[in-house]
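To keep things clear, I will list the structure first and then write my remarks on it.
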Amino acid sequence: MGGRESLPVVLIVDDLEANTRLLARLIEPKGFVVLSAHGGEEALEYVRDYPPDVILLDLMMPEVDGFEVCRQLKDSAATRHIPVIIITGVMEREANLRALEVGADDFIVKPFDSLLLLARIRNCLRSKMLQDQVMDYQRRLEEYNEKLREGIAERTAQLARTQHTTVFSLAKLAESRDTETGAHLERMRSYTREIAIVLMESGKYGEVISPSFVEHLFMSCPLHDIGKVGIPDCILLKPGKLSSQEFEIMKTHTTIGGDTLQVADLEAGSESFLAMGRDIAYYHHERWDGKGYPKGLTGEEIPLAARITAVSDVYDALTCRRPYKEPFSHEKSVDIIVSGRGSQFDPDIVDAFLAREATIVGINEGHADELAVPSIVKLNQLLGSPAVPK
């Protein structure tokens, strides 16, 4: 396949042919396949048979209007992930609010700037691409689970490897944009597993932390920064300090990532291990004292998986080279972690981090296999698995 078949498809829905022609002239030369529907019913039929990548939707149409088109698209599991951008009049404030209520992803006001329109379309395409990848993985995971329910026990080990590999590959989407992070994800998930094992052994979290919880955390924590695929390079890779406006944009990676994984989890029809990845993505920048983001949660309001990930993420960020800093020593990094005990971090998790400090140093330096093996063997014995994970 090639040419037009490989280009993203934009469906323009407007009952006025002049409007569809105008939009097509603006969009098509920029690398899109442009299709048009001249009424709501025609649009719904087309989307059911040939789902586009983005829909530009007029609100005011006879018979089936844009509100009803958007509502039906967002009510259907098969089409709710398709981004809908409303093309609206400047004075239609109530209509704009109503469009957002029925599920529109964005809107642009006429008369509009063509560059702004193209930017909105491309942003929606990036979001849909990530959602499509996560949803595709969730569908494949459910297929595997169905086979397991039918009694194909020999597939269990293969399923676990597939989960790890696929989630890690998704997480690499975000990491791949920053070549300085290196083995950040591999180290981080090893830190989180060591901390979680200490907490499990302490008995204080007996109703929450099980061997299965530890494994799900190990698998899900690499998704913490998946929302960074939605952050512009000029901010994500900026070598200096971010401005307050840039930092506000950077902070949105938590909601971008959480929202994306939330969609995937809802598509599954029930809470899956992606629910833990969702919580981690949303809340790994919350603080124990309530001064974090995006929700300002405090203490145990913050999901435990996110609290554990937060310590691991900060430690690895401190000890690694980043565009804006040189690496800190282990000693200085630990001092910073300890100084945040009870303010930035859950005190129990800082204590668990310190209890595994020697192993964590080994992980950070890349030679922790002999240090981590005893705790991993014990965990695998509890899980009923004889193998030592790599």
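Sequential numbering of the sequence shown, starting at 828, is according to the numbering used here. Using N, Cα and C, we set each Cβ at its ideal position, and we do this for glycine too.
- Over what stretch of residues does the beta strand (DSSP E) that includes Asp885 continue unbroken? Here residue 885 corresponds to residue number 58 of the sequence shown, with the count starting at 1. First-last of the beta strand (DSSP E) with Asp885: Val881 to Asp885.
- Best match in Gly1189, Asp876 and Ala931 for proximity to Asp902 [C-alpha to C-alpha]: Along the sequence shown, read from residue 1 onward, the residue named residue 902 stands at position 75. The shortest C-alpha separation from Asp902 is found at Ala931.
- Should the stretch 1097–1116 be regarded as contacting the stretch 1166–1184, the criterion being three or more beta carbon pairs within less than 8 Å? yes
- With contact counted as at least three CB pairs below 8 Å, one residue from each stretch, are the stretch 1147–1163 and the stretch 1015–1023 in contact? no
- Item | Expected contact under 8 Å - CB spacing of Leu884 and Val840 to nearest Å | Position 57 of the sequence shown, counting from 1, holds the residue named residue 884. Position 13 of the sequence shown, counting from 1, holds the residue named residue 840. A Cβ-Cβ separation of about 5 Å places Leu884 in contact with Val840 under the 8 Å criterion.
- Message: Count Cβ pairs between the stretch 1059–1069 and the stretch 1030–1042 that sit closer than 8 Å; are there 3 or more?
- Response: no
- Roughly how many angstroms lie between the CA atoms of Cys897 and Lys1055, to the nearest whole one? Residue numbering aside, residue 897 sits at position 70 when the sequence shown is read from its first letter. Residue numbering aside, residue 1055 sits at position 228 when the sequence shown is read from its first letter. Looking at the two C-alpha atoms, the distance is approximately 28 Å.
- Message: Suppose you measure from the CA of Ile1053 to the CA of Leu957; what does that come to, to the nearest Å?
- Response: Translated into positions along the sequence shown, residue 1053 becomes position 226. Translated into positions along the sequence shown, residue 957 becomes position 130. Their backbone Cα atoms lie some 9 Å apart in a straight line.
- Using the beta-carbon count (16 or more within 10 Å), is Phe859 buried or exposed? What you label residue 859 is simply residue 32 of the sequence shown in a count that begins at 1. Phe859 should be labelled buried.
- Identify every residue that forms a DSSP beta bridge with Arg1168. For the purposes of this step, residue 1168 is taken as the residue at position 341 of the sequence shown. Answer is Phe1172.
- Counting only beta-carbon atoms, is Arg1114 nearer than 7 Å to chain D? The chain labelled as chain D is not found in the depicted structure, where only one protein chain is given.
- May I have the straight-line CA-CA distance separating Met962 from Ile914, to the nearest angstrom? Start at 1 with the first residue of the sequence shown, and residue 962 comes out as number 135. Start at 1 with the first residue of the sequence shown, and residue 914 comes out as number 87. Each residue's Cα considered, the two are about 28 Å apart.
- Task: Note down the Cα distance separating Ser954 from Val1090, rounded to an integer number of angstroms.
- Result: Translated into positions along the sequence shown, residue 954 becomes position 127. Translated into positions along the sequence shown, residue 1090 becomes position 263. CA-CA distance, Ser954 to Val1090, rounds to 11 Å.
- If you draw a straight line from the alpha carbon of Glu869 to that of Val861, how long is it in whole angstroms? Along the sequence shown, read from residue 1 onward, the residue named residue 869 stands at position 42. Along the sequence shown, read from residue 1 onward, the residue named residue 861 stands at position 34. So the alpha carbons of these two residues sit roughly 15 Å apart.
- Determine the direct distance from the alpha carbon of His1011 to that of Asp1196, and round the result to whole angstroms. Sequence index remark: in the sequence shown, residue 1196 carries index 369 (1-based). Sequence index remark: in the sequence shown, residue 1011 carries index 184 (1-based). Model confidence at Asp1196 stands at a pLDDT of 43, short of 50, so the residue's coordinates are unreliable; what they give is reported in the following sentence. C-alpha separation (whole angstroms): 17 Å.
- Message: Helix, strand or coil, according to DSSP, for Lys1078 in the structure here?
- Response: Numbered from its first residue, the sequence shown carries residue 1078 at position 251. Note: Lys1078 maps to helix in three-state DSSP.
- Of all the options Pro910, Asp892 and Glu855, which has the alpha carbon lying nearest to the alpha carbon of Asp880? Taking the first residue of the sequence shown as position 1, residue 880 is located at position 53. Considering only alpha carbons, the answer is Pro910.
- Leu900 (DSSP reduced to helix, strand or coil): In the sequence shown, the residue the question calls residue 900 occupies position 73. DSSP places Leu900 in helix when its eight states are reduced to three.
- Query: Do you know how far the Cα of Pro856 is from the Cα of Thr1186?
  - Reply: Position 359 of the sequence shown, counted from the first residue, corresponds to residue 1186. Position 29 of the sequence shown, counted from the first residue, corresponds to residue 856. Rounded to whole angstroms, Thr1186 to Pro856 spans 56 Å at the Cα level.
- Taking just the CA atoms, how far does Asp842 sit from Met888? Taking the first residue of the sequence shown as position 1, residue 888 is located at position 61. Taking the first residue of the sequence shown as position 1, residue 842 is located at position 15. Spanning the two alpha carbons is a distance of roughly 6 Å.
- Leaving out five residues before and five after Asp1143 in sequence, what residues of the same chain have Cβ atoms less than 8 Å from its Cβ? Here the question's residue 1143 lines up with position 316 in the sequence shown. Closer than 8 Å at Cβ, skipping near neighbours: His1011, Arg1014, Met1015, Tyr1018 and Asn1191.
- Item | Where the beta strand (DSSP E) through Asp933 begins and ends | Sequence index remark: in the sequence shown, residue 933 carries index 106 (1-based). First-last of the beta strand (DSSP E) with Asp933: Asp933 to Lys937.
- Assign Ala905 to one of three DSSP states: helix, strand, or coil. As a first step, residue 905 must be located in the sequence shown, where it is residue number 78. Ala905: coil per DSSP, three-state reduction.
- Span of the beta strand (DSSP E) around Ala864: What you label residue 864 is simply residue 37 of the sequence shown in a count that begins at 1. Per DSSP, Ala864 belongs to the beta strand (DSSP E) from Val860 to Ala864.
- Query: If you drop the 5 nearest sequence neighbours on each side, which residues of the same chain put their C-beta closer than 7 Å to that of Cys1061?
  - Reply: In the sequence shown, the residue the question calls residue 1061 occupies position 234. Excluding positions up to five away in sequence, the list is empty.
- Item | Cβ neighbour criterion (16 or more within 10 Å) applied to Glu890 | For the purposes of this step, residue 890 is taken as the residue at position 63 of the sequence shown. Exposed, since its Cβ has fewer than 16 Cβ neighbours within 10 Å.
- Item | Member of His1051, Cys1048 and Gln1072 whose CA lies at the smallest distance from the CA of Pro1059 | Numbered from 1 along the sequence shown, position 232 holds the residue referred to as residue 1059. Among His1051, Cys1048 and Gln1072, the Cα nearest to that of Pro1059 belongs to Gln1072.
- Item | Expected contact under 8 Å - CB spacing of Ala926 and Phe934 to nearest Å | Translated into positions along the sequence shown, residue 926 becomes position 99. Translated into positions along the sequence shown, residue 934 becomes position 107. Yes, they are in contact, since the Cβ atoms of Ala926 and Phe934 sit about 6 Å apart, within 8 Å.
- Message: Cutting at 6 Å between CB atoms, please list the residues of its own chain near Tyr1120, excluding the five before and the five after it.
- Response: Here the question's residue 1120 lines up with position 293 in the sequence shown. The residues are Lys1078 and His1112.
- Tell me where the beta strand (DSSP E) around Leu838 begins and ends. Numbered from its first residue, the sequence shown carries residue 838 at position 11. Start and end: Val836 to Val840.
- As assigned by DSSP and simplified to three states, the class of Lys1065: Translated into the one-based positions of the sequence shown, residue 1065 becomes position 238. Three-state DSSP puts Lys1065 in coil, outside helix and strand.
- Query: In terms of residues, what are the limits of the beta strand (DSSP E) holding Val911?
  - Reply: Along the sequence shown, one-based indexing puts residue 911 at 84. Val911 to Gly916 is the span of the beta strand (DSSP E), which, as asked, contains Val911.
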